[in-house]
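Residue numbers (our numbering): 2 to 482. No residue lacks a Cβ here, since even glycine has one placed at the ideal position from N, Cα and C. Worksheet: the structure to be examined is printed underneath.
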Ligand SMILES: Cc1cc2nc3c(=O)[nH]c(=O)nc-3n(C[C@H](O)[C@H](O)[C@H](O)COP(=O)(O)OP(=O)(O)OC[C@H]3O[C@@H](n4cnc5c(N)ncnc54)[C@H](O)[C@@H]3O)c2cc1C
């Protein structure tokens, strides 16, 4: 049964943040019932907080009244992790958007969770610094959301994903207590709980401040656009480049269908006849970049690259990246909906997995496009479809499961960056044993014994999770696709 939020509870939330920041009308709640995935839930109430004190007071009130909570940043999650199920209270921290302090020497910064990823980099650019993790959604997604999902991005290949760039957090626990974990000091004593909070998908508390590591801009950057006549040849080039000891700053791949959709949208001059396009970025000192470029060019030619184009200037480089980062949006040119997977496979198995995905697409009579962080083996097979066609939806789900099973068979993982949320949670037993899931459930329970934080996310229905009180039952009818 759905959550009941009484008029007196609504009044109490209004007393904390003011009437204009409590959204209770059906249309307002509908906006907060969705995220960047294709799913929809039910939002009981949305509360827009602007300070840690407000968040803590709202969380305490929800605890007193036994209400479930979903923390929310920008709502761009691709795993349905920001979707409230069964009428939860959504607590948005999108308005907490200040960069609080920057220390150029460490270099690090304290920021509020609603700061947009790209705005953080813009705020420190005059210091020759940037925030390294760069999800393709970086113009829209928040640092708090990046912490929630342990976000990745094209430039995480050499620099690591969000977890490597979070030094500390302030978090409001499910009972309203405010805790500071970690900070800029090296090697904080005690258990390092940052690794648990980062990627917690809003199930452990609401992050209200973040201490981020900043990265110095490299002296030289070179960006190459390389086209191949076979997808598997591009996959082999990726494998061989890393095997030769060159770790590019970024190494992204798009297949032909995706390249054509993106080119029609962005007009970047992409090679639309290529079977696959590799976007490789190298950075460092001039000597290092020159040496790495020579290795990348040689391996790509040996693997069958037909053409290598080097970005002539910053404008052309920006255009290449605009093309890559607009790939998901460009898919609307193919069909109205997409179902996106996020598995990671060992680079050495990329070639066979790409071939298997082609076969799955053909057998299920579906268009599956590939755009992905090739360097880390983080695949994004994107199944294009029209949800009004029930038969097609059945094939989409079947193909999705087959893709995940192929990736698991070669030693892959379920998610590289988007998280588990509601979309991938019932696949968790493919990767984890009951004992693993049990340990994860008990760790979660230590933070949230009542199971009110983002319920029914991450941990699967029906898994052996001890006798915990929070629900692991099936997702509510109608929320999934
Ligand atoms: C076009 C497009 C491209 C994308 N590209 C990438 C990509 O390259 N790499 C990548 O990793 N992701 C990508 N994403 C997915 C998404 O942008 C990321 O997962 C991002 O980190 C979500 O941030 P958000 O602010 O939108 O968070 P939300 O969607 O609002 O929330 C995501 C999760 O974090 C939790 N959360 C949010 N804020 C807080 C907080 N303050 N405290 C605790 N928990 C919180 C939520 O409860 C939820 O579980 C893409 C999405 C789109 C639409």
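Residue 386: member of the beta strand (DSSP E) spanning 382-386, first to last residue. Taking a cut-off of 8 Å on C-beta distances, the stretch 340-355 touches the stretch 368-385, as three or more cross pairs fall below it.
252 is the residue among 298, 292, 252 and 288 whose C-alpha sits nearest the C-alpha of residue 279. Assignment of residue 433 by DSSP, reduced to helix, strand and coil, places it in the coil class.
For residue 72, the enclosing beta strand (DSSP E) covers residues 70-73. Scanning the stretch 301-346 from its first residue to its last, the whole beta strand (DSSP E) runs of 3-plus residues come out as 306-311 and 338-341.
About 5 Å separates the beta carbon of residue 382 from that of residue 358, a gap short enough to meet the 8 Å contact definition. Contact between residue 329 and residue 276 does not hold, since their C-beta atoms are separated by about 21 Å, which reaches or exceeds 8 Å. Nearest Cα to residue 31 within the set 84, 13, 57 and 20: 84.
Taking a C-beta distance under 8 Å as the contact criterion, residue 418 and residue 81 do not qualify as a contact pair. The C-alpha of residue 132 lies about 7 Å from the C-alpha of residue 214.
In this structure, residue 329 has its CB closer than 7 Å to one or more heavy atoms of ligand 1.
Going by DSSP, residue 14 is part of the alpha helix (DSSP H) stretching over 8-18. CA-CA distance, residue 106 to residue 387, rounds to 51 Å.
Residue 129 and residue 292 have their alpha carbons spaced roughly 24 Å apart. Comparing alpha-carbon positions, the option among 296, 61 and 249 lying closest to residue 157 turns out to be 249. Across the structure, residue 40 and residue 395 are spaced so that their CA atoms are roughly 15 Å apart.
When DSSP states are grouped into helix, strand and coil, residue 414 belongs to the strand group. Going by C-alpha positions, residue 352 is about 26 Å away from residue 135. Straight-line spacing of the CA atoms in residue 152 and residue 3 works out to 31 Å.
With respect to residue 195, residue 206 sits apart: the two C-beta atoms are not nearer than 8 Å.
Here DSSP, grouped into helix, strand and coil, assigns residue 38 to coil. Within 7 Å of the C-beta of residue 184 there is not a single heavy atom belonging to ligand 1. Residue 61 and residue 14 have their alpha carbons spaced roughly 11 Å apart. Residue nearest to residue 339 within the set 398, 306 and 301 is 398 (criterion: CA-CA distance). For residue 51, the secondary structure class from DSSP, reduced to helix, strand or coil, is coil. Bridge partners of residue 130 according to DSSP: 217. Within the same chain, Cβ atoms closer than 6 Å to the Cβ of residue 56 are found at 50, 173, 207 and 209, the five residues on either side in sequence being excluded. Ranked by Cα distance from residue 104, the first of 185, 119, 256 and 411 is 185. The beta strand (DSSP E) runs lying completely inside the stretch 217-291 and spanning 3 residues or more are 221-229, 251-256 and 277-285, given in chain order. Under the three-state reduction of DSSP, residue 110 is assigned to strand. Sixteen is the threshold: when 16 or more other Cβ atoms of the shown chains lie within 10 Å of the Cβ of residue 113, as they do, the residue is buried.
Between residue 221 and residue 286, the gap from beta carbon to beta carbon is short of 8 Å.
Between residue 89 and residue 141, the alpha-carbon positions lie close to 24 Å from each other. Between ligand 1 and residue 338, a heavy atom-to-CB distance of less than 7 Å is absent. For residue 120, the enclosing alpha helix (DSSP H) stretches over residues 118-125.
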